[in-house]
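Below: one structure, written as structure tokens.
There are 2 protein chains.
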Amino acid sequence: MDTKTALLDSAETIARQRGFDGFSYADLATAVGIRKASIHHHFPTKAILGQAMMERYRLVFEDTLSELAKSKHLADGQLRGYIDIYRDALQGGKTICLCVALSSDRNSLDDATLREISHFHDASLKWLETLFETAQTDGSIKNLSESKLEAASCLALIEGAQLMAHASQDVTTFDNAVALLLSRLTN
Amino acid sequence: MDTKTALLDSAETIARQRGFDGFSYADLATAVGIRKASIHHHFPTKAILGQAMMERYRLVFEDTLSELAKSKHLADGQLRGYIDIYRDALQGGKTICLCVALSSDRNSLDDATLREISHFHDASLKWLETLFETAQTDGSIKNLSESKLEAASCLALIEGAQLMAHASQDVTTFDNAVALLLSRLTN
DNA sequence: CATAACAAACCTACTAGCAGGTAGGTAGTG
DNA sequence: CACTACCTACCTGCTAGTAGGTTTGTTATG
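From first to last, the protein sequence lines are chains A and B.
Numbering follows this note's numbering, in which position 116 of the first sequence is assigned residue number 116; successive positions increment by one, without gaps.
Here this note's numbering = 1-based position in the second sequence + 1000.
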């Protein structure tokens, strides 16, 4: 496999468990099977690696979301799919969304990476807002309020649910937190 | 001022901005005005300091909650107060609840501190559950579902809102996320 | 076809700086 | 005398990053 991809994969996996400060070049070297110094050939600095990691994550996520929007035409199905993405990302409480994981060690991230995170949040909010707009016409979600607020509330709920599930290392925590949101879906 | 208290204060302040790995004994030494090695006299290891910090935080928080429950008798007032605590804790996006901040660098925390965090979550959930039970009799919150799920959902929402507000360094993010929850309060 | 040139990908060996932690000494106080 | 609270000086281990050399495969040229 491509070494650069393998490095990003390892970095993402560990970062999602332990944050950006939670992995070192030494960790990646061991995981990938090359020497620590060789990583600098692919990613001159850790900041560049972080940025690349976050950008790739965002692009894959955006792709997943647009696929989801294509495959499910009703808002409730889309939201269920969206929640499932975050639930699956938990892997039983072991890992969390990269975005949530990096939010904590903000201080050790450079501006470019921070911008990637903002970008990610903005894109998520926009996608959810569209989803709730759809719901207002197809009626597949109950008790609707203003789409912008629904989106903000929804994202915060899901990210918080993930954070708590990670803290307790238990998916049930996630399931309990999103249960009421899911109960608003008609299908 | 008592040095030990000053150390805990500084540690808490920085930890709430940058996480547990975000502050060093050197940082605390500078902040408090003693030498780095002298901190070990008060807290032999960083793990012990972390534990003490989290325990104090939890105790103060529990105290605040019981005061809140005494001063406001209706559930909506209590919930508004609860949300305000988290909103104030943000200080415009600069700091977050210690519990949210530490959830991220789980790996560098010892078992005792992790147990303190669990303890904190459990206490919060229990308090909120009681709040929603109260709401079912006083009718001050609309559209009530099962109290346990309401509590889980509420805590996840607020913690997620705080995380996102911290990421964007903007309280508006928090306000948007909790707006729909607040709209369910009758007063 | 042989070989020289080049670059990509990796290596060993090293640096400076910071982390938490230790050893052992000192000033003040009951 | 003993204790608390602090000090200087140091240690080990880890971090990201650097310098410079080796291997390997491709590509251009006599």
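In this text, a Cβ means the ideal position worked out from N, Cα and C, and glycines have one as well.
Query, Result
"Cβ-Cβ distance between B/F1020 and B/D1105 below 8 Å", "yes"
"N- and C-terminal bounds of the alpha helix (DSSP H) containing A/G160", "147-168"
"C-beta neighbour in chain A for B/A1037, strict 8 Å", "no"
"Cutoff 8 Å: A/L98 Cβ touching any chain B Cβ", "no"
"As assigned by DSSP and simplified to three states, the class of A/I34", "coil"
"Beta-carbon proximity list for B/N1187, same chain, < 6 Å, skipping 5 on both sides", "D1076"
"CB-CB length for B/V1178 against B/I1117, believed under 8 Å", "Rounded, the Cβ-Cβ distance is 22 Å, inconsistent with contact."
"Beta carbon proximity, A/D76 to chain B, threshold 8 Å", "no"
"Cutoff 8 Å: B/V1088 Cβ touching any chain A Cβ", "The sequence shown places Asp at residue 1088 of chain B, rather than the Val named in the question. With 8 Å as the cut-off, B/D1088 does not count as an interface residue toward chain A."
"B/I1141, DSSP secondary structure in three states", "strand"
"Beta carbon proximity, A/R18 to chain B, threshold 8 Å", "yes"
"Beta-carbon neighbours of B/L1128, restricted to chain A and to distances below 9 Å", "The premise fails here: B/L1128 is roughly 12 Å from chain A at the closest Cβ pair, so nothing lies under 9 Å."
"Assumed close pair B/T1095, B/H1042 - CB separation to whole angstroms, cut-off 8 Å", "Wrong, their Cβ atoms sit about 23 Å apart, outside the cutoff."
"Within chain B, partners of A/G197 - CB distance below 8 Å", "Beyond the ends of chain A as shown, which are 1 and 187, falls residue 197 of chain A; an answer cannot be given."
"Presumed contact (8 Å Cβ cut-off) between B/A1101 and B/A1015, rounded CB distance", "6 Å"
"Chain B within 8 Å of A/E55, Cβ atoms only", "no"
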